[in-house]
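Since the structure comes first, as structure tokens, the remarks are kept for the end.
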Amino acid sequence: MVARRKIDFHSPAPRKTALKGEQFEQNITKRGRASQGKKKDKYPVGPWVLGLFLFVVVGSAVLQIIASAQRGTRESAMAIGPVETATTSRGQAMESDGERRKALLHNMYWYRTRWAEEEVKLLELAKPDEISSADEEGLTSQHYLGHTAVRDAIEALHMQPSRGHPIKVLDIGGGLGSTVRHMASNLPYLKGISVDISESFANLAEQIDRKECASYREGSSTKYIAADIFNTTQATLGGPFDYGVSLLCFCHMDSKRTLLDKVKELLQPAPPRQSCDLYFEDLVLLHRNGVREADREALRDVVACPALCTVEEYRAELESVFGKDSIKLLDCDRTTRDWKVFTKSRFAIFEKNFDRHVSVHGEDIASAYRTFYGTTADLFDRGVIGGIRVVLSVLANLFHIFPLHPMRVLDRSLLLLGMAMLFHAAYRMNAQVEHTAVAELNTEMPASEVEEDTMGTAFVVTVALESIIGAAVAFVAVIGDFKPIRLSDQKTHMSWDSLNARPSFILYKKDSAARQLLQDAVKKSMDSGRICQPPKA
67 MVARRKIDFH
77 SPAPRKTALK
87 GEQFEQNITK
97 RGRASQGKKK
107 DKYPVGPWVL
117 GLFLFVVVGS
127 AVLQIIASAQ
137 RGTRESAMAI
147 GPVETATTSR
157 GQAMESDGER
167 RKALLHNMYW
177 YRTRWAEEEV
187 KLLELAKPDE
197 ISSADEEGLT
207 SQHYLGHTAV
217 RDAIEALHMQ
227 PSRGHPIKVL
237 DIGGGLGSTV
247 RHMASNLPYL
257 KGISVDISES
267 FANLAEQIDR
277 KECASYREGS
287 STKYIAADIF
297 NTTQATLGGP
307 FDYGVSLLCF
317 CHMDSKRTLL
327 DKVKELLQPA
337 PPRQSCDLYF
347 EDLVLLHRNG
357 VREADREALR
367 DVVACPALCT
377 VEEYRAELES
387 VFGKDSIKLL
397 DCDRTTRDWK
407 VFTKSRFAIF
417 EKNFDRHVSV
427 HGEDIASAYR
437 TFYGTTADLF
447 DRGVIGGIRV
457 VLSVLANLFH
467 IFPLHPMRVL
477 DRSLLLLGMA
487 MLFHAAYRMN
497 AQVEHTAVAE
507 LNTEMPASEV
517 EEDTMGTAFV
527 VTVALESIIG
537 AAVAFVAVIG
547 DFKPIRLSDQ
557 KTHMSWDSLN
567 ARPSFILYKK
577 DSAARQLLQD
587 AVKKSMDSGR
597 ICQPPKA
């Protein structure tokens with residue numbers, strides 16, 4: 067009896083089932099991968115928020131452009147003849163004047179470096195083991211009144227470092243570094259960083275520091291950097307800083323506005339500190355009108371101060387850059403009197419010892435110092451120039467006060483916009499309350515009627531709306547996303563996360579269960595013989 071072959075009419079079924087299973091698995095995988103990509107917010111920011119944001123950004127940009135144009139006009143009007151007109155900004159100076167100033171500064175650095183090197187050699191011969199801060203006071207201090215000026219800075223800035231509260235000080239235009247060395251010799255737990263454009267000054271300062279560092283107080287140290295402050299950053303100098311100091315350096319710059327903007331950038335405080343105090347001394351013109359051409363040339367070619375401004379102009383620039391409430395001290399009268407006496411006495415002492423200086427340093431260097439000291443004393447004596455001492459606070463930007471670094475730019479902008487709206491609503495309410503109080507004093511109407519008249523329904527509604535909208539905008543910026551937590555994120559993602567959310571847990575389980583049922587049915591059919599096994603390769 068011939069065995070009848072069992073005919074299976076469902077032979078293509080295993081292949082179709084396998085293809086269906088693979089396609090189903092690919093669909094699940096694609097859906098999972100697609101869900102891991104960047105998704106759009108479920109609740110996007112409304113058009114009204116975008117409109118407010120654009121209004122603030124565009125408005126501030128327009129105001130900044132207008133202010134820049136007005137500032138340029140004011141600087142042009144403030145120029146004193148051809149000297150300051152040619153040196154109003156670093157990029158607008160004429161090439162001939164720029165080369166002349168560069169050669170002048172190079173010559174000044176050269177003869178001052180040579181002078182200090184010879185004096186330090188003589189000091190090392192007298193004290194080969196150790197040099198103190200007091201020993202170098204008359205040799206390396208390139209500002210007026212020597213260490214008295216440094217002590218004035220310490221007192222004005224209220225420096226009180228300790229083990230639990232160390233401080234970091236930046237000396238801008240530190241020259242040979244005598245300022246930070248004197249601070250380190252008298253204050254504990256202080257790190258003084260001196261930056262100057264002259265590399266020869268920085269090298270000589272390090273040489274002196276090796277002889278003097280043994281006298282520093284506990285926890286104090288110094289560092290000397292040769293760099294142009296206009297081409298450096300706070301991080302490069304080792305910031306952020308607690309205090310800033312500059313003694314007779316700003317007067318050699320061409321543009322006060324460019325300089326002050328850079329100083330503000332370098333001294334920007336870091337959280338949680340909200341301000342960094344700056345003490346500086348500088349030269350000013352006592353009167354802009356009546357300055358002779360010979361005096362302009364002396365300021366430019368001998369003293370190397372091409373763009374001095376008056377006290378009023380200096381105050382205006384400081385308030386424009388740092389804010390009206392930033393200036394804590396601006397003294398001109400006492401500073402000018404002290405410096406007038408000092409420069410006259412310094413020149414007299416130098417004249418008395420001129421033969422000694424010629425024998426030690428040579429006639430060229432001694433004559434250069436003689437001209438410099440004599441010209442400065444004469445300008446002070448005739449009332450052409452004076453001096454100022456300034457203490458001001460460099461306030462932190464809002465971006466530095468609030469921990470906004472992990473946020474997106476849009477979130478930061480929305481947060482600031484919302485806060486501005488809340489502050490404006492509070493300001494309006496406070497002003498209206500004051501207006502109501504004044505109205506009650508100046509009228510015989512009952513208080514209830516006065517309040518109803520000055521604080522009407524429209525005012526209350528607008529203030530309430532502004533407060534609600536501002537709070538909502540700030541809330542949107544802080545929260546960022548209102549999507550609920552996915553069921554699949556309950557174990558691994560305990561925060562609201564829309565960018566990396568996985569597929570829905572319920573849908574995934576349903577698909578997984580259906581796939582398992584299909585696989586079980588196929589396996590059972592194959593075991594029972596209802597579906598033939600696929601041919602083996």
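Mapped onto the numbering used here, the consecutive letters of the sequence shown carry residue numbers 67 to 603.
In this text, a Cβ means the ideal position worked out from N, Cα and C, and glycines have one as well.
On a predicted model such as this, the values are computed, not experimentally measured, just so you know.
query: Going by DSSP, what residues sit across from Lys-234 in a beta bridge?
result: Lys-257
field: Option nearest Asp-367 by Cα separation, candidates Glu-196, Asn-419, Arg-403, Thr-441
entry: Thr-441
message: If distances are taken between C-alpha atoms only, which option among Thr-523, Ile-220, Val-527 comes closest to Val-235?
response: Distances from the alpha-carbon of Val-235 to those of Thr-523, Ile-220, Val-527 put Ile-220 closest.
task: Evaluate Val-216 with the Cβ neighbour count: other Cβ atoms within 10 Å of its Cβ, from every protein chain shown; 16 or more gives buried, anything less gives exposed.
output: buried
- request: Could you have a look at Gly-310 and say whether DSSP puts it in helix, strand or coil?
  value: strand
field: Gly-230 and Asp-262 closer than 8 Å at C-beta
entry: Against a cut-off of 8 Å, the Cβ pair of Asp-262 and Gly-230 comes out as no contact.
Ile-291 (DSSP reduced to helix, strand or coil): strand
query: From Leu-445 to Ile-451, what distance separates their C-alpha atoms?
result: 6 Å
query: Going by DSSP, which residues form a beta bridge with Val-350?
result: Gly-452
task: Please name the residue, chosen from Val-407, Trp-405, Lys-406, Ala-432, that lies closest to Lys-418 on a Cα-to-Cα basis.
output: Ala-432
- prompt: Between the C-alpha atoms of Ala-530 and Ala-492, what's the straight-line distance to the nearest angstrom?
  reply: 10 Å
task: List the DSSP bridge partners of Val-542.
output: Val-542 is bridged by DSSP to nothing; it lacks a bridge partner.
- prompt: Ser-312: buried (16+ other C-beta within 10 angstroms of its C-beta) or exposed?
  reply: Flag for Ser-312 reads buried.
task: Since I believe Ala-268 is in contact with Ala-292 (beta carbons under 8 Å), could you give me their beta-carbon distance rounded to a whole number of angstroms?
output: 4 Å
message: If distances are taken between C-alpha atoms only, which option among Val-457, Val-460, Trp-405, Glu-532 comes closest to Tyr-439?
response: Trp-405
task: Run the CB neighbour count on Ile-197, radius 10 Å, all protein chains shown included, and call it buried at 16 or more, exposed below.
output: buried
field: Touching by the beta-carbon criterion (3+ pairs, under 8 Å), the segment 199 to 206 and the segment 323 to 339
entry: no
message: If contact is defined by three or more beta carbon pairs under 8 Å, each pair taking one atom from either stretch, is the segment 269 to 281 in contact with the segment 419 to 429?
response: no
- request: Can you have a look at Pro-372 and say buried or exposed, based on whether 16 or more other CB atoms are within 10 angstroms of its CB?
  value: buried
Residue environment, Asp-308, which counts as buried when at least 16 other CB atoms sit within 10 Å: buried
message: What does the Cβ neighbour count give for Ser-260, buried or exposed, with the cut at 16 atoms within 10 Å?
response: Under a 10 Å Cβ-count criterion, Ser-260 is classified as buried, with 16 or more other Cβ atoms of the shown protein chains found around its own Cβ.
field: Extent of the continuous alpha helix (DSSP H) to which Lys-193 belongs
entry: Here Lys-193 belongs to no alpha helix (DSSP H), and DSSP marks it neither H nor E.
- prompt: Measuring CB to CB, does Tyr-345 end up less than 8 Å from Leu-223?
  reply: Yes. Within cutoff.
query: Start and end of the beta strand (DSSP E) containing Lys-394?
result: 393 to 397
query: Ser-286 by DSSP, collapsed to three states: which one?
result: DSSP places Ser-286 in coil when its eight states are reduced to three.
Residue environment, Asp-593, which counts as buried when at least 16 other CB atoms sit within 10 Å: exposed
- request: Helix, strand or coil for Glu-500, going by three-state DSSP, please let me know.
  value: helix
task: Decide if Ala-443 is buried, meaning its Cβ has at least 16 other Cβ atoms within 10 Å, or exposed.
output: buried
- request: Kindly list the residues whose CB is nearer than 6 Å to the CB of Met-319, restricted to its own chain and excluding five residues on each side of it in sequence; keep chain order.
  value: Leu-325
- prompt: To the nearest whole angstrom, what separates the beta carbons of Val-460 and Lys-257, a pair I think is in contact under 8 Å?
  reply: Rounded, the Cβ-Cβ distance is 18 Å, inconsistent with contact.
- prompt: Asp-343 by DSSP, collapsed to three states: which one?
  reply: Looking at Asp-343 - three-state DSSP - the assignment turns out to be strand.
- request: Go through its chain and collect everything with a Cβ distance to Ala-462's Cβ below 6 Å, but skip five positions before and after it.
  value: Pro-335, Gln-340
- prompt: Can you give the Cα-Cα distance for Ile-454 and Tyr-210, rounded to whole angstroms?
  reply: 12 Å
message: Taking DSSP's pairing of strands, which residues face Ser-459 in a bridge?
response: Asp-343
- prompt: Roughly how far, in whole angstroms, is the beta-carbon of Val-526 from the beta-carbon of Leu-483, given that I think they are within contact range, below 8 Å?
  reply: About 23 Å; that fails the 8 Å criterion.
Thr-376, DSSP secondary structure in three states: strand
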